[in-house]
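2 protein chains.
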Amino acid sequence: MPPVSQARMKLLEAMLEAMWERSYAAISVDAICERAGVRKGSFYHFFPSKCALAVAALEHKWQTEASTCLDEMFGSGLPPLERLSRVVDHWYEKARASQLEHGRVLGCPYFSIACETAGVEPELAAMARKILDGFQDRLERTLAEARDRGDLVLDDPAATAACLFSLLEGASTQARIHDDPERVRHLAPAIGGLLGIDFPPVTPATA
Amino acid sequence: MPPVSQARMKLLEAMLEAMWERSYAAISVDAICERAGVRKGSFYHFFPSKCALAVAALEHKWQTEASTCLDEMFGSGLPPLERLSRVVDHWYEKARASQLEHGRVLGCPYFSIACETAGVEPELAAMARKILDGFQDRLERTLAEARDRGDLVLDDPAATAACLFSLLEGASTQARIHDDPERVRHLAPAIGGLLGIDFPPVTPATA
DNA sequence: CGTTGACTTGACTGATTAGTCAACTACGGC
DNA sequence: GCCGTAGTTGACTAATCAGTCAAGTCAACG
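First to last, the sequence lines map onto chains W and A.
Following our numbering, the numbering of the first sequence begins with 2 at its first residue and continues without gaps.
Following our numbering, the numbering of the second sequence begins with 2 at its first residue and continues without gaps.
Here it is, written out as structure tokens:
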């Protein structure tokens with residue numbers, strides 16, 4: 002047995018993948034357990050409910066893979082508008098990666114789950130919303146920084162970030178709906194128009 | 002008894018509302034029946050499965066309320082950019098109306114259901130996708146018309162329509178996630194930027 | 001060696017799931 | 001008045017659902 006049981010971690014990963022591929026409501030506890038190779042009793046040893054596991058799974062994904070990639074996207078020494086360009090680049094790569102790994106474009110897990118569970122599973126919806134807000138906040142700070150450097154003209158960074166985020170998430174969801182990652186790549190000129198600048202095109206298919 | 006049984010219609014409406022409020026997977030056949038005031042046997046007299054009812058429900062909504070409102074938005078004699086402005090106006094009103102009628106902003110039913118069921122319920126996803134494509138097509142034709150009139154400069158109406166649609170649906174979903182219709186209203190300047198024009202602000206709260 | 005406590009196991013509950021079915025009702029055409 | 005049929009009814013299945021639990025394993029520690 003490993004130093005710390007891996008059942009908990011396997012459950013987190015199985016739950017995240019399952020509700021990313023399908024949806025929160027469409028996944029049963031039995032299905033998660035089978036996917037994770039863990040018995041039901043162990044499930045309820047680690048988590049009080051299916052909802053609690055889902056919350057923990059979102060948080061876990063955010064605190065590992067997502068937040069490191071966020072730092073990579075936002076935290077580099079590049080000028081703000083180039084960092085923004087890398088964000089779109091990264092989203093495109095994510096869409097393509099999910100297509101390769103899962104057979105279809107899956108879109109943004111936080112956004113789909115927030116949409117599905119809004120008003121129905123308050124705790125889960127709140128966690129997803131918190132993550133999305135954190136991302137939008139990063140966008141806003143990057144836009145404000147670009148404005149302060151004189152890279153673009155902007156009278157309301159918060160409103161612009163909200164619209165930019167809607168555009169990104171909307172396109173990402175369209176990519177899922179149409180199983181077509183190009184929906185994200187073709188976003189660049191629209192972002193340029195939205196910000197009133199020339200936005201560099203996203204590099205095509207770097208497979 | 003009415004001339005034609007109203008059970009079928011009640012099922013269509015109950016299904017639509019239920020999966021709009023919650024999600025497709027979260028709704029049981031029993032719950033739909035109870036909501037519609039119809040017994041299970043009648044359900045399976047009219048529809049072969051839960052999925053078939055969902056498909057019929059989406060189509061029914063689209064062919065009644067949605068397509069008439071589409072004609073109202075797109076079909077009037079107004080110049081194209083003003084019609085576009087009315088579309089955003091209308092979406093804002095819809096967000097507010099769902100908040101009043103259902104207690105929360107529900108967003109776009111076609112978009113959420115297309116997202117949830119993509120790759121999982123092929124027939125239902127295809128119907129939702131078809132409806133969304135129809136809407137995007139209307140956007141594209143309106144943009145092309147505006148360009149032909151010289152109202153705006155545009156080299157790819159299809160790509161611009163896709164981005165505009167992503168922006169609209171993204172904002173509508175954000176409105177659902179945050180239970181805040183203003184997310185749709187604050188879209189106008191972003192659309193203006195995206196199209197390279199001055200876009201009229203959406204009229205605030207005409208309650 | 002014995003105890004403790006984290007973790008695992010598999011059987012169990014009662015509710016709920018999608019879908020079936022034979023019997024029933026009531027209306028329109030003949 | 002009688003018959004076909006569209007629609008209705010409620011009881012029924014077999015599977016699956018979320019969640020429980022008592023009994024077990026095992027490593028660490030005294």
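Every residue, glycine too, gets a C-beta built ideally from N, C-alpha and C.
None of these values were measured; they are calculated from a predicted model.
- Taking 9 Å as the Cβ-Cβ cut-off, the region 42-60 of chain W has no residue approaching chain A.
- As the crow flies, the alpha-carbon of Leu169 (chain W) is around 11 Å from that of Leu85 (chain W).
- Looking at A:Gly38, A:Pro49 and A:Leu196, the one whose alpha-carbon comes closest to that of Ala191 (chain W) is A:Leu196.
- Considering only W:Glu14, W:Pro49 and W:Ala26, the residue with the shortest C-alpha distance to Glu35 (chain W) is W:Glu14.
- By the rule that beta-carbons nearer than 8 Å mark a contact, Arg87 (chain A) does not touch chain W.
- The Cβ of Ala119 (chain A) sits closer than 8 Å to at least one Cβ of chain W.
- Ranked by Cα distance from Glu124 (chain W), the first of W:Arg87, W:His179, W:Val56 and W:Thr143 is W:Val56.
- Non-local C-beta neighbours of Leu153 (chain A) in its own chain, meaning closer than 8 Å and more than five positions away in sequence, comprise Leu82, Leu144, Ala147, Leu196, Gly197 and Ile198, ordered along the chain.
- For Cys34 (chain W), no Cβ of chain A is located within less than 8 Å of the residue's own Cβ.
- CA-CA distance, Gln100 (chain W) to Tyr93 (chain W), rounds to 11 Å.
- Nearest to Arg186 (chain A) by alpha-carbon distance, out of W:Thr161, W:Gln137 and W:Ala176, is W:Thr161.
- Shown in chain order are the members of the region 187-202 of chain A whose Cβ falls below 8 Å from a Cβ of chain W: His187, Leu188, Pro190, Ala191, Gly194, Leu195, Leu196 and Gly197.
- Within the same chain, Leu59, Ala129, Ile132 and Leu133 come within 7 Å of Tyr111 (chain A) by CB-CB distance, once the 5 residues on both sides are set aside.
- Following the DSSP letters along the chain, one finds Val30 (chain W) inside the alpha helix (DSSP H) bounded by residues Val30 to Ala37.
- The DSSP-derived three-state label of Tyr93 (chain W) is helix.
- If you ignore the 5 residues before and after Asp180 (chain W), its C-beta comes within less than 6 Å of the C-beta of Arg105 and Val106, all in its own chain and listed in chain order.
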